Ligand code: FCX
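Residue numbers (full-length UniProt numbering): 6 to 466.
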């Protein structure tokens, strides 16, 4: 089976030729105008960034290489049914994004999975990294621990080493970027496992890495929610539930990989990377952005919000009480977490795919009052937010469902949930970083303006 690197190498001449021709032919064509409001409102809607793998349509949601999420779910290989299933392997998506749209065979996905396993050197973090992470204060925010973990791994960057010793040139930047990116992605399960064990098990391992298993399976294993878990105190799940949890993890990791380029985690990785910064440093910056409550941390906020609301209403089925609770929240100038989006103007298809996971297992979730509340909220929150009249998108986003499903299976540490998001998000922005190097994109440097300069621009004819 050909390796991912060979596949990319073969694509480069044709893709770069297309890219360069396009740039040459259309370089002076105007495609957007920038208003004062867009400068003062987080550059919302400015068409000013090149991003290859994903685009976000306000109504239909995310497309990966022009495939909708449901097309990905029927086309990308997974482990469940005849090579293709609704739950594809995140490794399949990694291949699909890195190759700019080539659908891998199951064999190629499994080979990539195996490649990632081998890159972990028997499932161990380098001893110095492990030691330093063990010494971090156990109460340190897990996203801070993750960012530190990546910075510690940076000493293994081939890009950084080879740039320093002068053996790289513009044509070969991408090769070490790919190498570093795959090594980084391979290490994410180990970092996640270490951080979760710091949080709940005094840094002692919760489970074992299994080199013959896939990336998602190993995340479940290393956080102690798996059949081979060393720790009996964490999950009391039946075999079927453990299997479902691994599938939920595969689904979650597959759908969170990317959400076009402008979101904070993707954009910060891209921006920092544009200074020829290596993948470890670049993605560590992305992670710092993901840790914000308006971005990746929202899933955790939703879990806290659902638990809190359930303790204040008589039943998750009482829609009137839910409505009153939401109005009360809004009157205190707080947001309804898991609702709204900067680009989407419809229900997030990623939310729908998580909801389908629940519907397919209705017995399992029948008695979970938090999952019921999450579902019933969809009947009330859009109406309330619409009447409230501020929010441009009153519909649920992916974070509305993700955390509470993990919670159901025993992952109770809400602060940790964004670490799992970060495992997934590595895939999109790092695939882009490889292509940034192939296309030779320059350092990003938008022009900033102070109020005086803006005033001059708006008053001059
Ligand atoms: N509840 C209450 N008010 C909301 C709201 C919500 N869920 N969503 C938006 N609003 C408010 C905004 O706070 C803003 O108020 P302001 O004028 O007083 O500042 C107004 O409505 C207009 O905001 P809008 O243009 O619709 O949304 P933005 O693009 O500014 O912000 C986010 C988008 C996602 C940040 C916003 O909808 C929000 O805070 N949602 C809740 C948090 C959340 O779920 N985040 C996850 C987003 C996503 F999935 C991700 O990127 O990870």
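Note that the Cβ used here is the ideal one computed from N, Cα and C, for glycine as well.
Remember, predicted model here, so these are calculated numbers, not experimental data.
Beta-carbon to beta-carbon, residue 93 and residue 78 are separated by about 6 Å, close enough to satisfy the 8 Å threshold.
Here residue 454 carries a coil assignment [DSSP, helix/strand/coil].
Separation of the CB atoms of residue 52 and residue 37 is rounded to 4 Å, and the pair is thereby assigned contact status at 8 Å. 423 is the residue among 105, 334, 423, 444 whose C-alpha sits nearest the C-alpha of residue 292. Boundaries of the alpha helix (DSSP H) harbouring residue 295: 284-295, taken from the DSSP string. At least one heavy atom of the ligand FCX lies less than 8 Å from the C-beta of residue 405.
In this structure, residue 62 has its CB at a distance of at least 8 Å from all heavy atoms of the ligand FCX. In terms of CA proximity to residue 307, 386 leads the group 386, 204, 15. Between residue 401 and residue 419 a beta carbon distance of about 18 Å is seen, past the 8 Å cut, so the two are scored as non-contacting.
Rounded to whole angstroms, the gap between the alpha carbons of residue 152 and residue 289 is 5 Å. Annotation for residue 62: no alpha helix (DSSP H) segment contains it, though the beta strand (DSSP E) segment containing it runs 59-62. DSSP places residue 330 in the helix class (H, G or I) of the three-state scheme. Burial state of residue 33 is exposed, judged by a 10 Å Cβ sphere holding fewer than 16 other Cβ atoms. Rounded to the nearest angstrom, the gap between the Cα atoms of residue 188 and residue 457 is 47 Å. The nearest non-hydrogen atom of the ligand FCX is less than 8 Å from the C-beta of residue 306. A straight-line Cα-Cα distance of about 29 Å links residue 111 and residue 369. Per DSSP, reduced to three states, the secondary structure at residue 73 is strand. The C-beta distance from residue 277 to residue 270 rounds to 11 Å, too long to fall under 8 Å, and the pair is not in contact. Residue 102 and residue 66 do not touch by the CB rule: their CB atoms are close to 17 Å apart, not below 8 Å. In this structure, the CA atom of residue 316 is about 54 Å from the CA atom of residue 35.
DSSP places residue 225 inside the alpha helix (DSSP H), whose first and last residues are 220-227.
Per the DSSP secondary-structure output, residue 66 pairs in a beta bridge with 62. In the DSSP assignment, residue 100 falls within the unbroken alpha helix (DSSP H) covering 95-103. A direct Cα-Cα distance of roughly 20 Å separates residue 123 from residue 255. Distance check between residue 441 and each of 227, 55, 416 places 55 closest, using alpha-carbon atoms only.
In terms of Cβ geometry, residue 210 and residue 221 do not form a close pair [threshold 9 Å]. Here residue 344 carries a strand assignment [DSSP, helix/strand/coil]. Relative to the ligand FCX, the beta carbon of residue 281 is positioned no closer than 8 Å to any heavy atom. Taking all protein chains in view, the Cβ of residue 413 is crowded by 16 or more other Cβ atoms within 10 Å, so the residue is classified as buried. By the neighbour-count definition (other C-beta atoms within 10 Å, threshold 16), residue 6 is an exposed residue.
In terms of side-chain proximity, the C-beta atom of residue 337 is found no nearer than 8 Å to any non-hydrogen atom of the ligand FCX. Nearest to residue 430 by alpha-carbon distance, out of 461, 300, 305, 246, is 300. Under the three-pair Cβ rule at 8 Å, the stretch 139-159 does not count as touching the stretch 403-410. Distance from the C-beta of residue 432 to the nearest heavy atom of the ligand FCX is not below 8 Å.
Assignment of residue 401 by DSSP, reduced to helix, strand and coil, places it in the strand class.
Around the beta carbon of residue 371, fewer than 16 other beta carbons sit within 10 angstroms, so the residue counts as exposed.
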